[in-house]
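Below is one structure, written out as structure tokens; the observations come after it.
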Amino acid sequence: MALAERLRTAREMAGLSQGQVAKRLGLHRPSVSEMEAGRRRVSAEELAELADLYAVDLSWLAGGEATPDEHQARVELAARELSKLREEDLDRVLKMLSALRKD
1 MALAERLRTA REMAGLSQGQ VAKRLGLHRP SVSEMEAGRR RVSAEELAEL
51 ADLYAVDLSW LAGGEATPDE HQARVELAAR ELSKLREEDL DRVLKMLSAL
101 RKD
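Take the sequence shown: its position 60, counting from 1, is numbered 60 in full-length UniProt numbering, and each next residue is one higher.
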């Protein structure tokens, strides 16, 4: 996973908007968007601040291996997103998951 994708994933796992991140770091929202799109360099200082804000391991954010905590955070993100679905859509997703487990 590239840095830009990890930045977006970590922000989403933290449940923050780009605007919230920008405000907390003293940046403009487009700067956060550009970082997540890979169009803006991220300084070492910004990377450390983002890791702290997102409560993720700095080495993972910078491109290291996934940790069990990252996996758990992704599961929690999935649960939050699933909780937003309508009942019939949730049933469809659960059927798809069941089919995937059978493979």
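Glycine included, C-beta positions come from ideal geometry on N, C-alpha and C.
- Leucine 82 and alanine 73 have their C-alpha atoms some 14 Å from each other.
- In the same chain as glycine 63, and ignoring 5 residues on each side of it, the C-beta atoms closer than 7 Å to its own belong to Leu3, in chain order.
- Between leucine 77 and glutamate 36, the gap from beta carbon to beta carbon reaches 8 Å or more.
- Within its own chain, the residues whose Cβ lies closer than 6 Å to the Cβ of glutamate 34, once the five positions on either side in sequence are excluded, are Arg40, listed in chain order.
- The region 30-56 is shown to contain whole alpha helix (DSSP H) runs of 4 or more residues at 44-54, in chain order.
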